């Protein structure tokens with residue numbers, strides 16, 4: 173309960189910063205067509221981190237600030253003939269930078285790199301047991317720094333654009349499990365990269 177209250181406070185702080193940026197003339201610029209960022213936007217995101225809402229505000233010509241919320245509300249699959257369920261919900265804040273701002277090349281006008289962080293209300297896996305192995309949970313890192321890259325301001329129609337993201341939320345603590353040894357088995361190697369992987373698309377309305 174305490175962690176959820178702290179996460180809600182963090183979400184409130186992030187949204188307050190977004191509103192301050194939106195209403196601050198210093199940050200309000202009409203960027204040229206070759207910028208990777210809209211002046212401001214609000215949109216829906218679907219990614220490997222879940223589904224959610226994202227808002228953004230550009231500043232200082234080559235930077236963009238984003239904040240949002242993602243969730244996977246008890247998503248479940250059959251894995252090796254056993255039931256697996258994922259519980260994930262997070263808030264995040266990301267700053268994007270466009271290294272090739274002003275380029276006449278298409279890639280230079282759309283490409284950006286990102287850094288930020290996320291806090292997870294929940295980041296758990298429930299796994300059905302088999303034989304002598306009982307059902308168990310795996311609890312993964314809740315605070316995760318983020319690094320990534322992407323393409324922005326991809327026009328869809330009218331004032332509707334698309335942003336593409338590819339990145340990774342880095343774990344800051346080791347996973348734990350209610351059954352010995354399972355956290356290491358499920359989160360090691362390539363399987364260990366999956367919880368932090370972020371590949372997503374945001375469809376947004378630009379202001």
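Numbering (our numbering), first residue to last: 173 to 379.
Idealized CB from N, CA, C, for every residue including glycine.
Keep in mind that this is a model prediction, so the values were computed, not measured.
message = Tell me the DSSP secondary structure of residue 367 in three-state form.
response = DSSP places residue 367 in helix when its eight states are reduced to three.
query = Where does residue 350 fall in DSSP's three states?
reply = In the structure shown, residue 350 sits in coil (DSSP, three-state: anything other than H, G, I, E or B).
task = Give a yes or no on whether the C-beta atoms belonging to residue 315 and residue 344 are separated by under 9 angstroms.
result = Against a cut-off of 9 angstroms, the Cβ pair of residue 344 and residue 315 comes out as a contact.
request  = Measure the C-alpha to C-alpha separation of residue 324 and residue 283 and round it to an integer number of angstroms.
outcome  = Going from the Cα of residue 324 to the Cα of residue 283 covers about 7 angstroms.
request  = For residue 199, name the three-state secondary structure that DSSP assigns.
outcome  = Note on residue 199: pLDDT 42, under 50, position unreliable in the model; the coordinate value appears next. Here residue 199 sits in coil by DSSP.
ask   = To the nearest angstrom, how far is it from the Cα of residue 336 to the Cα of residue 230?
value = Taking the straight line joining both Cα atoms gives about 16 angstroms.
message = If I follow the unbroken beta strand (DSSP E) through residue 339, where does it start and stop?
response = First-last of the beta strand (DSSP E) with residue 339: 332-341.
inquiry  = List, from N- to C-terminal side, the beta strand (DSSP E) runs of 3 residues or more that fit wholly inside the region 262-316.
reply    = DSSP runs (the beta strand (DSSP E)) wholly in the region 262-316: 283-299 and 308-311.
message = Could you pull the DSSP bridge partners for residue 329 from this structure?
response = When beta bridges are read from the DSSP output, residue 329 appears opposite 332.
query = Got a sec? Which residues, its chain only, sit under 6 angstroms from residue 367 by beta carbon, not counting five neighbours each side?
reply = Here residue 367 has 312 as same chain residues with Cβ atoms under 6 angstroms from its own Cβ, once five neighbours each way along the sequence are excluded.
query = How would you call residue 320, buried or exposed, if buried means at least 16 neighbouring beta carbons within 10 angstroms?
reply = If you draw a 10 Å sphere on the C-beta of residue 320, you find 16 or more other C-beta atoms in it, and that means buried.
Cα-Cα separation between residue 197 and residue 233, rounded to whole angstroms = In this prediction, residue 197 has a pLDDT of 45, which is less than 50 and means its spatial position is unreliable; what the coordinates show is noted afterwards. Their Cα atoms are separated by approximately 13 angstroms.
ask   = How long is the line joining the alpha carbons of residue 201 and residue 241, rounded to whole angstroms?
value = Its pLDDT being 48, under 50, residue 201 is placed unreliably by the model, and nothing is read from it.
task = Leaving aside the five residues before and after residue 221 along the sequence, list all residues of the same chain whose C-beta is less than 6 angstroms from its C-beta, in chain order.
result = Within the same chain, residue 221 has close Cβ partners 242 and 370.
ask   = In its own chain, which residues sit with a C-beta less than 6 angstroms from the C-beta of residue 236, not counting the 5 before and 5 after it?
value = Take residue 236, set aside five residues on each side of it, and the residues of its chain with a beta-carbon closer than 6 angstroms to its own are 209, 228, 230 and 268, in chain order.
Buried or exposed by the 16-neighbour rule on C-beta atoms within 10 Å, applied to residue 301 = Per the 10 Å Cβ criterion, exposed.
Close beta carbons around residue 298, own chain, < 6 angstroms, minus the five adjacent residues each side = Around residue 298: 257 and 309.
Cβ-based neighbour list, residue 249, same chain, cut-off 7 angstroms, excluding 5 preceding and 5 following = If the five residues before and after residue 249 are omitted, its C-beta is found closer than 7 angstroms to the C-beta atoms of 256, all from its own chain and listed in chain order.
message = Please report the straight-line C-alpha distance between residue 260 and residue 294, rounded to a whole angstrom.
response = Going from the Cα of residue 260 to the Cα of residue 294 covers about 5 angstroms.
request  = Quick one: using the 10 Å Cβ neighbour count with 16 as the cut-off for buried, is residue 252 buried or exposed?
outcome  = Its Cβ having fewer than 16 others within 10 Å, residue 252 is exposed.
ask   = By a C-beta neighbour count over all protein chains shown, 10 Å radius and 16 as the cutoff for buried, is residue 329 buried or exposed?
value = Exposed is the call here.
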